[in-house]
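Scroll down for the structure; my scribbles are underneath it.
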Amino acid sequence: MPGLWQDAMDHAVILARKAGEIVRDAVQNDLKIMCKSSSVDLVTKTDQNVEQLIITSVKEKFPEHRFIGEESVAAGEPCVLTDKPTWIIDPVDGTTNFVHGYPFVGISIGFAVNKTLEFGVVYSCIEDKMYTAQKGKGAFCNGQPLNVSDQKEINQSIVATEFGSDRDPEVVAKIFSSMRKILCLPVHGIRGVGSAAINMCLVASGCVEAYYEIGVHCWDIAAGAVIVSEAGGVLKDVEGGPMDLMSRRVVAANNEVIAERIIKEIEAFPPVRDDVPVNPIQ
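For the sequence shown, the residue numbers in the UniProt record's numbering are 1 to 282.
Dropping the structure here:
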């Protein structure tokens, strides 16, 4: 029997494919690049066009639904998760990859009701891999079931992370300190494709045992969180406890053993939460 929100999920998949076509076309053309918070926090017209495409279409089909979108928030819209059906959108997850032609770019669409994630869609559009998951229904890539790795030995694991866009020396020092500690556990390697959503899908696929990052946003991880959970993985805060979608911190792992071992090595710092208002970008 189809899930309660099946129509919305089916529409999300359609929109992700349409967005992927826009991204692939834009890769072949000149990119108009702008900066948000810093010279390494990039946005393009494609980010904005894709988000507008998704929001406009959803408003027509589901007029009562709400939205949290990366570009809308950057333009000054509030980032508030209520009990109402809410689409959480990263139109181009991996904008820096997109700008440089690095082939890991995702369209990430999460959907929450009563502050609980119900489904997630991540389309790695250059690879043409469609990751989907609905609460209680399992996770899939191009229709094939996903399962996390069964590895429980940290020294037999690959861990993914990213550097983020904050270049404050103290933040960078903590990032590298955590990486050094984890690398020296030892692990087989540390990787990162430049997209939080795709990193999480790699955990769900079983080829990466864990992904952690501080500084991500809710739109980076909402869809991936459902995919990891439905593939059998776990989601935690970097200091233990359950993941808080708005906290800008996440550990996604194949199991509790690997998650807890990594958490011991992370030097945590508290970025500004997504649900704390900040001055909009001028």
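Yeah, the Cβ is synthetic: ideal placement off N, Cα and C, and Gly gets one too.
What you are looking at is a predicted structure, and each value in this text was computed from that prediction instead of being measured.
Option nearest residue i by Cα separation, candidates the options
| i | options | result |
| --- | --- | --- |
| GLU71 | CYS125, ILE88, ILE198, TYR102 | ILE88 |
| GLN156 | GLY206, PHE111, VAL193, GLU162 | GLY206 |
| ASN254 | ARG261, PHE269, ASP275, ALA204 | ALA204 |
Spatial neighbours of residue i in its chain, beta-carbon cut-off 7 angstroms, leaving aside the 5 residues before and after
| i | result |
| --- | --- |
| VAL216 | ALA196, ARG248, VAL250 |
| ASP90 | GLU70, SER108, ALA197, TRP219, ASP220 |
| ASP244 | ASP237 |
Residue i (DSSP reduced to helix, strand or coil)
| i | result |
| --- | --- |
| GLU213 | strand |
| MET130 | strand |
| SER178 | helix |
| SER57 | helix |
| ARG273 | coil |
| CYS218 | helix |
| GLN28 | coil |
| LYS264 | coil |
| LYS115 | coil |
Buried or exposed by the 16-neighbour rule on C-beta atoms within 10 Å, applied to residue i
| i | result |
| --- | --- |
| ARG24 | exposed |
| ASN142 | exposed |
| ALA75 | exposed |
| ALA12 | buried |
| SER149 | buried |
| GLU170 | exposed |
Alpha carbon of residue i to alpha carbon of residue j, nearest angstrom
| i | j | result |
| --- | --- | --- |
| LEU117 | ILE126 | 26 angstroms |
| ILE55 | VAL226 | 21 angstroms |
| CYS184 | ILE158 | 12 angstroms |
| LEU81 | MET179 | 32 angstroms |
| GLY138 | LEU146 | 8 angstroms |
| GLY240 | GLN28 | 43 angstroms |
| ILE154 | VAL187 | 6 angstroms |
| ASP166 | GLY189 | 23 angstroms |
| GLN151 | VAL272 | 34 angstroms |
Own chain residues within Cβ distance below 6 angstroms of residue i, not counting five before or after
| i | result |
| --- | --- |
| ASN114 | ASP83 |
| MET130 | TYR123, ASN142 |
| GLY120 | GLY110, ALA133, ALA223, VAL226, ILE227 |
Contacts around residue i, its chain only, beta-carbon distance under 8 angstroms, and the 5 residues preceding and following it disregarded
| i | result |
| --- | --- |
| GLN6 | GLN134 |
Residue i at chain B interface by Cβ criterion, 8 angstroms
| i | result |
| --- | --- |
| GLY164 | Reference to chain B is not applicable here, since this structure consists of a single protein chain. |
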